[in-house]
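Below is one structure, written out as structure tokens, with a few remarks after it.
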Amino acid sequence: MSELAGQRSSPGAPAPRTGEATGGVAPPSSGATAPAPSGRRDRGRRRLVTAVLAVALLAALAAVPLFVDPFGTNTISRILVFALFATSLDLLVGITGLPSLGHAAYFGIGAYAAGLVALHWTSEGVVAVLVAAAAGATAAVATGWLAVRSGGVFFLMLTLAIGELVHQLAQSLSSVTGGSNGLFGIPSVRVAGTPLTLPGYVYWFVLVVALLGAAGLWLVASSPFGAVLRGIRDNEPRMRSLGYSPFRYKYAAFAIAGAFAGLAGGLFALVVRIVNPADAGFTTSALFLLAVVLGGAGTLWGPALGAAVVVLVRDTFGPTLDGHGPLLLGLVFVVAVYVLPRGVAGLGGLLRGRNREVPS
Amino acid sequence: MSAPLLSLSGVSRAYGALKAVDDVTLDVPAGARHALIGPNGAGKSTLFKLVTGSVPVTAGTVGLDGHDVTRLPEHQRARRGISQTLQHSSLFLSQTVEQNVLLAAQRRHGTRRSLVPRRQTAARDRVRALLDDVGLAARAGTSVAALSHGERRQLEVAVALACEPTLLLLDEPAAGMSPAESARLVGLLRSLPESVTVVIVEHDLDVVFALATSVTVLHLGRVLLTGTPDEVRASTAVQEAYLGTGRESLFLDHPGPAHLEVS
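Shown next as structure tokens:
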């Protein structure tokens, strides 16, 4: 069997990029956990390729401000922000199996929190994003207790309701949030007391925080706790009979996802320097749920790619289409569902003809 | 054999007017190998669900190791040592064989709440040993979706054992297994230590009589008889329940894998 495992994975070698991406960030798929020596050697090689690709990607991302104009740099900053947001949503949707229609609530709460901190207290970036993450987590703890008790359509409806509630509050508490004008005039972010005025510096700040956030989510997803979440996603009654209390784990996952959504929201406030109620609303939630599905739910890196697609189509190509960006997104989504049943992240498996286990 | 590990007293479960389990009183001593048999619809699987807590009782009490667990939710009963395999495979389909067993094993090894990746050496060693026992060691990295029916049944048993149960409930573990697979299963179950009490529902009487030290026959939700395998074989009441009167030879002649479904 060890030979078998080795043989099966070696055809993946000619296409290491796609194969690696799946094996690296996603939880180990079939074959990756074979305990035999040849499997281990194979895994070692895959890890090496993953590491090389990761370093190359990091170098490319770090070099962006040196080669891209300020407008493009700012766009990529926003892509990073929303990639982190989509990844946090994937912890709920793809890993735990809880499709939320109100995740932007925690993003928005984080954004307002960071904005208010920057306006009224300090624009020190680290403080602002940490407060934002704490605010997202607190809000998720307060609201998740109810939402997580339900499942399926009820969970969708409850999260939708929570999202709309936060959206409404952002509109009506205008003395604090600026109402429908939004929270504006957020000062430029400072790091160690120095204001970052150039988009390049802001970008580096965002890159570091987003990478730390993504690493945190990846750690959670690959931990024993993450394995329990996947078990709940696959078969909740069975988890109960194994002695796990699904509610506690789902509640914890909801809180963690809320914290990272808040972190992403905090970054958003510092990059864009204006927060609107719509950032916490249904459209944002739905668009990035779409990003998760588009990228490949449960892989974490796939939804980050999906978020890039969504941001580019909505903000960059959308305006050139006379406001028909959502139409284009809809088309992209319909095509993707048919062509890529497992999202962009499933592309590697599709190319190797290994996509037979699509859950139906 | 000492005090009862599992103690059912007047346990009933009604679905509307239908009493799936009707006033069952049954003590299973610690260390027993107890079989539950009976025709289809006798309430065997329902009785298991009442013991595990996945379905609440409508009357009666369930006692485990001297404690009344009737009001405890399923996962808390599981933590007190109840573990089960289900009649219809209930595994984590998108995951590998090893990951399936690890989910059960890691609960016993204290790493389940860890938010960062762990080696889980103890749990993984246990998983490997269990997969060896059920003959799936070579399939550790395979996705469950790619397993044969018989292999899935073996994996069910490994998952149930990974919980380190004191009470192991097996609902037709050998159903659909090849003779070789079912012989291996019997060997494994016989090798379990006395600290594990086994209650098994099984239609394959070869398996039942190879394992059981005591047998309860259920019929229409009620206990027809509890006794030693020999007493059950000899009972005319049991034969009537299964077969109607006039064909008393089934248990005595023991014709191979007797399937007792009355269809």
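Going down the list, the sequences are from chains H and E. Take the first sequence: its letter number 160 is residue 160 in my numbering, and every next letter is one higher. Count along the second sequence starting at 1, add 1000, and that's the number in my numbering. For every residue, glycine included, the Cβ atom is placed at its ideal position computed from N, Cα and C.
- Do H/A307 and H/T122 come within 9 Å of each other at the CB atom, strictly closer than that value? The residue you call residue 122 of chain H lines up with position 122 of the first sequence. The residue you call residue 307 of chain H lines up with position 307 of the first sequence. Going by C-beta atoms, H/T122 is not nearer than 9 Å to H/A307.
- Message: Give me the chain E residues within the contact set of H/R230, using Cβ-Cβ distance strictly less than 9 Å, ordered along the chain.
- Response: The count along the first sequence starts at 1 and reaches residue 230 of chain H at position 230. Ordered by position in chain E, the residues that pass the 9 Å Cβ test against H/R230 are F1092, S1094, Q1095, Q1099 and L1103.
- Query: So which residues on chain H does E/P1117 lean against when the C-beta distance must stay under 7 Å?
  - Reply: Numbered from 1 along the second sequence, position 117 holds the residue referred to as residue 1117 of chain E. Those are L219, S222 and S223, listed as they occur along chain H.
- Task: Examine chain E for any beta-carbon lying closer than 9 Å to the beta-carbon of H/A227, and answer yes or no.
- Result: Translated into positions along the first sequence, residue 227 of chain H becomes position 227. So, interface residue.
- Could you tell me the distance, in whole angstroms, from the CA atom of E/V1055 to the CA atom of E/T1025? For the purposes of this step, residue 1055 of chain E is identified with residue 55 of the second sequence, where counting begins at 1. For the purposes of this step, residue 1025 of chain E is identified with residue 25 of the second sequence, where counting begins at 1. Roughly 17 Å separates the two Cα atoms.
- Item | Close-in-space but distant-in-sequence residues of the same chain around E/A1035 (CB under 6 Å, 5 per side omitted) | In the second sequence, the residue the question calls residue 1035 of chain E occupies position 35. Result list for E/A1035: I1200, V1208, A1212 and V1215, in chain order.
- Message: Measuring only the C-alpha atoms, how far is E/R1108 from H/L294?
- Response: Looking up residue 1108 of chain E in the second sequence gives position 108. Looking up residue 294 of chain H in the first sequence gives position 294. If I take the Cα positions, the gap works out to 37 Å.
- Cutoff 9 Å: H/Y251 Cβ touching any chain E Cβ: Here residue 251 of chain H is taken as the residue at index 251 of the first sequence, counted from 1. Chain E contact via Cβ: absent.
- Task: Starting from the C-beta of E/F1251, find all residues in its chain whose C-beta is less than 7 Å away, skip the five residues before and the five after it, and write them out in chain order.
- Result: Against the second sequence, residue 1251 of chain E aligns to sequence position 251. Low confidence applies here, because E/F1251 scores a pLDDT of 48, under 50, leaving its location unreliable; read the following figure in that light. Same-chain partners within the cutoff: R1233 and Q1239.
- Closest Cβ-Cβ distance between E/T1111 and chain H: below 9 Å? Here residue 1111 of chain E refers to the residue found at position 111 when the second sequence is read from its first residue. With 9 Å as the cut-off, E/T1111 counts as an interface residue toward chain H.
- Item | Residue-chain proximity (H/Y244, chain E), Cβ-Cβ < 9 Å | Taking the first residue of the first sequence as 1, we reach residue 244 of chain H at position 244. Taking Cβ atoms only, chain E reaches closer than 9 Å to H/Y244, which makes this a yes.
- Message: Considering just the uninterrupted stretch of the beta strand (DSSP E) at E/A1035, what are its terminal residues?
- Response: Locating residue 1035 of chain E in the second sequence gives position 35, counting from the first residue. From DSSP, the beta strand (DSSP E) with E/A1035 extends over R1033 to I1037.
- Query: Looking at H/L287 and H/L183, is the spacing between their C-beta atoms short of 9 Å?
  - Reply: Taking the first residue of the first sequence as 1, we reach residue 183 of chain H at position 183. Taking the first residue of the first sequence as 1, we reach residue 287 of chain H at position 287. Cβ atoms of H/L183 and H/L287: not closer than 9 Å.
- Residues near E/A1003 in its chain [Cβ-Cβ closer than 6 Å; skip 5 each side]: Sequence index remark: in the second sequence, residue 1003 of chain E carries index 3 (1-based). Answer for E/A1003: no residue qualifies.
- Could you have a look at E/R1013 and say whether DSSP puts it in helix, strand or coil? In the second sequence, the residue the question calls residue 1013 of chain E occupies position 13. DSSP places E/R1013 in strand when its eight states are reduced to three.
- Message: Considering only the alpha carbon of each residue, which of H/T96, H/R45, H/G178 and H/L53 lies closest to H/R274?
- Response: Counting from 1 along the first sequence, the entry for residue 274 of chain H is found at position 274. In the sequence as presented, Arg is not what sits at residue 274 of chain H; that position holds Ile. Checked all of H/T96, H/R45, H/G178 and H/L53; the closest Cα to H/I274 is H/G178.
- Item | Min CB distance E/H1075 to chain H below 9 Å | Numbered from 1 along the second sequence, position 75 holds the residue referred to as residue 1075 of chain E. Cβ-Cβ to chain H under 9 Å: yes for E/H1075.
- Query: My guess is that H/L156 and H/P99 are in contact by the Cβ rule of under 8 Å, so how many angstroms apart are they, rounded?
  - Reply: As a first step, residue 156 of chain H must be located in the first sequence, where it is residue number 156. As a first step, residue 99 of chain H must be located in the first sequence, where it is residue number 99. Right, the Cβ-Cβ distance comes to about 6 Å (below 8 Å), so this counts as a contact.
- Any Cβ of chain E within less than 9 Å of the Cβ of H/S241? Mapped onto the first sequence, residue 241 of chain H falls at position 241. So, interface residue.
- Message: Let me make sure I understand the geometry here. Which of H/V311, H/V334, H/L347 and H/G281 has the alpha-carbon closest to that of H/T159?
- Response: Counting from one through the first sequence, the residue named residue 159 of chain H turns up at place 159. Here the closest residue by C-alpha is H/G281.
- Query: Per DSSP, E/L1008 forms a beta bridge with which residues?
  - Reply: Indexing the second sequence from 1 puts residue 1008 of chain E at position 8. Answer is E/L1026 and E/V1062, bridged to E/L1008.
- Task: Would you tell me roughly how many angstroms separate the C-alpha atoms of E/S1143 and E/R1118, rounded to the nearest one?
- Result: As a first step, residue 1143 of chain E is located in the second sequence; it is residue number 143 there, counting from the start. As a first step, residue 1118 of chain E is located in the second sequence; it is residue number 118 there, counting from the start. Cα-Cα distance, rounded: 21 Å.
- Item | Within 9 Å, strictly: CB atoms of E/T1053 and E/V1028 | As a position in the second sequence, residue 1053 of chain E is number 53, starting the count at 1. As a position in the second sequence, residue 1028 of chain E is number 28, starting the count at 1. For clarity, residue 1053 of chain E is Gly in the given sequence; the question names Thr instead. No, these two residues do not count as a Cβ contact at 9 Å.
- Query: At least one CB of chain H closer than 9 Å to the CB of E/V1201: is that the case?
  - Reply: One-based indexing of the second sequence puts residue 1201 of chain E at position 201. No, E/V1201 does not count as interfacial toward chain H.
- Message: For H/S245 and H/E236, what's the separation of their Cα atoms in angstroms?
- Response: The residue labelled residue 245 of chain H in the question sits at position 245 within the first sequence. The residue labelled residue 236 of chain H in the question sits at position 236 within the first sequence. For H/S245 and H/E236, the distance between alpha carbons rounds to 9 Å.
- Message: Residues of chain E with CB closer than 8 Å to the CB of H/P237, please, in chain order.
- Response: For the purposes of this step, residue 237 of chain H is taken as residue 237 along the first sequence, with counting starting at 1. S1054 and S1090, listed in chain order.
- Task: Using alpha carbons as the reference points, say which of H/R46, H/L66, H/V68 and H/I95 lies closest to H/W301.
- Result: In the first sequence, the residue the question calls residue 301 of chain H occupies position 301. Ranking H/R46, H/L66, H/V68 and H/I95 by Cα distance to H/W301 puts H/I95 first.
- CB H/L91 to CB H/A257, shorter than 9 Å? What you label residue 91 of chain H is simply residue 91 of the first sequence in a count that begins at 1. What you label residue 257 of chain H is simply residue 257 of the first sequence in a count that begins at 1. Cβ distance < 9 Å, so H/L91 and H/A257 count as in contact.
- Message: I want to verify the contact list: residues of chain E whose CB lies under 9 Å from the CB of H/D234, in sequence order.
- Response: Taking the first sequence and counting its residues from 1, the one referred to as residue 234 of chain H is at position 234. Those are L1091, F1092, L1093, S1094 and Q1095, listed as they occur along chain E.
- Item | Sequence-distant residues of the same chain with beta carbon closer than 8 Å to E/L1170, five excluded per side | By 1-based counting over the second sequence, the position of residue 1170 of chain E is 170. Counting only Cβ-Cβ distances below 8 Å, and skipping sequence neighbours, we find Q1084, T1085, V1157, A1160, L1189, V1198, V1199, I1200, V1201 and E1202.
- Query: Skipping 5 residues on each side, what residues in its chain have a beta carbon closer than 6 Å to that of H/R17?
  - Reply: Locating residue 17 of chain H in the first sequence gives position 17, counting from the first residue. Summary for H/R17: the model assigns pLDDT 37, below 50, so the residue's position carries little reliability; its value from the coordinates is reported in the next sentence. The answer is none, since no qualifying residue turns up.
- Message: Please tell me whether E/A1122 has its Cβ less than 9 Å away from any Cβ of chain H.
- Response: Indexing the second sequence from 1 puts residue 1122 of chain E at position 122. No, no contact with chain H.
- Task: Report the neighbours of E/A1078 on chain H: residues whose CB is nearer than 9 Å to its CB, in chain order.
- Result: As a working note, residue 1078 of chain E is residue 78 in the second sequence. In chain order: R240, S241, L242, G243 and Y244.
- Item | C-alpha gap between H/P199 and H/G125, whole angstroms | Counting from 1 along the first sequence, the entry for residue 199 of chain H is found at position 199. Counting from 1 along the first sequence, the entry for residue 125 of chain H is found at position 125. Near 14 Å, if we compare the C-alpha coordinates of H/G125 and H/P199.
- Rounded to the nearest angstrom, how far is the Cβ of H/G209 from that of H/L267, given a contact under 8 Å? The sequence position of residue 209 of chain H within the first sequence is 209, counting from 1. The sequence position of residue 267 of chain H within the first sequence is 267, counting from 1. Looking at the sequence itself, residue 209 of chain H is Val, so the reference to Gly does not match. The pair is a contact, with the Cβ atoms about 6 Å apart (cut-off 8 Å).
- Thinking C-beta only, is E/F1092 closer than 9 Å to H/R342? Numbered from its first residue, the first sequence carries residue 342 of chain H at position 342. Numbered from its first residue, the second sequence carries residue 1092 of chain E at position 92. No.
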